[in-house]
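Inspection log for the structure reproduced underneath, given as structure tokens.
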Amino acid sequence: MQTKKYTVGIDVGGTKTAYGLFDAEKKLIGRSRHFSDAKLPPEAFFDQIIENIRVLCTEAGVVESELAGVGVGMPSFVRAPDGYIIRTANLPLIRDFPAPEYLTRALGGTTVAVGNDMHAGALAEHRYGAGRGAENMLYCLMSTGISSGIIIGGRLFRGSYGFSGESGHMIVTPGEGPECGCGNRGCVSAYASASRIPVHIRKWIEDGEKTSLTEPFSTVQIAEGYNRGDKLAVRAVEQMTRYMAVWLFNLYITLNISCFVFGGGLLNMDLPLLKLVREKFDAFDKGGMPVSFKTAELGEDFGIIGAAELLKA
Ligand SMILES: [Zn+2]
């Protein structure tokens, strides 16, 4: 009799979709990736995923009936516990879709778990990365977007509707500041995410501020400007790190979770980002209990590893 010992983890992003095939010992034995096609409706989008799962398995010499399960991490609001996709920020056509049901049917009854990508990231870092052994942990993403995944009592905390951890939409200046993708003004991600930095800089230039920075105000340019003391670059970094500290302190004081694990591209900026955030966080924190800031350990693979972990969440 064939044993079902392989799992597939799929990390769907706004721009690319990555696949990992894992054996029973959790060893990565195959991988692939392609661009995420935002023009595809849900059926065609997931048909492409099914096709790629088949190719991945064939290339590794694995037959479909040996698959123990397929986990998919989506940048979406995903309903718990059934994995129904409510809506997806960067892939607007992927909404109102029963993805697990659709995939299970196409894959001959294989177990499928669909969940939020930050939940997947939190599981990965908690089980195999920087959060190993922590009873409670917050996985925090500092990237084009700002978000988090919450582990409480050693388990993923999903919340009532499955979108726990969407803390980038924590409102910090109600009705003020740039509009966020969620439709509100004043979300913390409108200040702390990389994608919003240029919006602020353009506004300051319009207001008459002088700078040596030029379009498109990338994070590389901002870091260079900061390091040579450009006033607007310093202001942008100060604003970003201040709101990151507000975000993290509000999470800390609400959940009292003392283990923060950070991932995301902003950590690669040529700046002491976490140090700047930590100084501001410490200024808010009057309690003085130990709080650890750790860097994620799993690198780029956290998405596929975490997606496979959704099967056991
Ligand atoms: Zn928002």
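In this text, residue positions in the sequence shown follow our numbering: the first is 17, and each later residue adds one. Each residue gets a CB set at the ideal place from its N, CA and C atoms; glycine is no exception. These figures come from a predicted structure and were not determined experimentally.
Only residues of its own chain outside the window of five on either side were considered, and among them Met134, Leu157, Gly181, Glu182, Ser183 and Gly184 have a CB closer than 7 angstroms to the CB of Ser163, listed in chain order. Secondary structure at Arg201: strand, using DSSP grouped into helix, strand and coil.
Under DSSP, Phe278 forms a beta bridge with Cys156 and Thr311. The DSSP-derived three-state label of Val188 is coil. Boundaries of the alpha helix (DSSP H) harbouring Gly137: Asp133 to Tyr144, taken from the DSSP string. For Ala129, DSSP records a beta bridge to Gly87.
Judged by DSSP secondary structure, Thr104 falls within the beta strand (DSSP E) whose first and last residues are Ile101 to Thr104.
Scanning its chain for C-beta atoms nearer than 7 angstroms, with the 5 sequence neighbours on each side dropped, one finds around Arg95 the residues Ile102, Tyr177 and Gly178, in chain order. Three or more Cβ pairs drawn from the stretch 108-123 and the stretch 65-73 lie within less than 8 angstroms of each other, which places the two stretches in contact. Under DSSP, Lys32 forms a beta bridge with Phe51. Note on geometry: alpha-carbon atoms of Glu222 and Ser92 lie some 35 angstroms from one another. Within the same chain, Cβ atoms closer than 7 angstroms to the Cβ of Phe233 are found at Ile213, Pro214 and Ile217, the five residues on either side in sequence being excluded. For Val253, the enclosing alpha helix (DSSP H) covers residues Lys247 to Leu271.
At least one heavy atom of ligand 1 is found less than 7 angstroms from the C-beta of Asn200. Leu290 and Leu248 have their alpha carbons spaced roughly 20 angstroms apart. The Cβ neighbour count for His142, taken over all protein chains shown within 10 Å, is at least 16; the residue is labelled buried.
Taking a contact to require three or more Cβ pairs closer than 8 angstroms, the stretch 236-247 and the stretch 190-198 do not qualify as touching.
Taking the C-beta atoms as reference points, Phe38 is found nearer than 8 angstroms to Ala324. Straight-line measurement puts the Cα of Asp286 at about 7 angstroms from the Cα of Val236. DSSP places Val94 in the uninterrupted beta strand (DSSP E) bounded by Ser92 to Val94.
Ala252 counts as buried, since at least 16 other C-beta atoms from the protein chains shown sit within 10 angstroms of its C-beta.
Relative to Phe61, the option among Val86, Ala40 and Tyr118 whose CA is nearest is Tyr118.
When the five nearest sequence neighbours on each side are left out, the beta carbons in the same chain lying within less than 7 angstroms of the beta carbon of Lys20 are those of Glu82, Leu83 and Ala84, in order along the chain. C-alpha of Gly46 to C-alpha of Thr23: approximately 11 angstroms in a straight line. With distances taken between CA atoms, Val250 lies nearest to Ser228 out of Lys55, Ser228 and Ile269. Checking the DSSP bridge columns, you'll see Tyr22 partnered with Leu83. The shortest C-alpha to C-alpha distance from Glu59 to any of Ile26, Arg111 and Phe51 is the one to Arg111. Of the other Cβ atoms in all chains shown, fewer than 16 fall within 10 Å of the Cβ of Asn272; this residue is therefore exposed. In terms of side-chain proximity, the C-beta atom of Gly197 is found nearer than 7 angstroms to a non-hydrogen atom of ligand 1.
Judged by the Cβ position, Cys203 qualifies as a neighbour of ligand 1 at the 7 angstroms threshold, a heavy atom of the ligand being closer than this. Taken through DSSP and simplified to helix, strand or coil, Leu229 comes out as coil.
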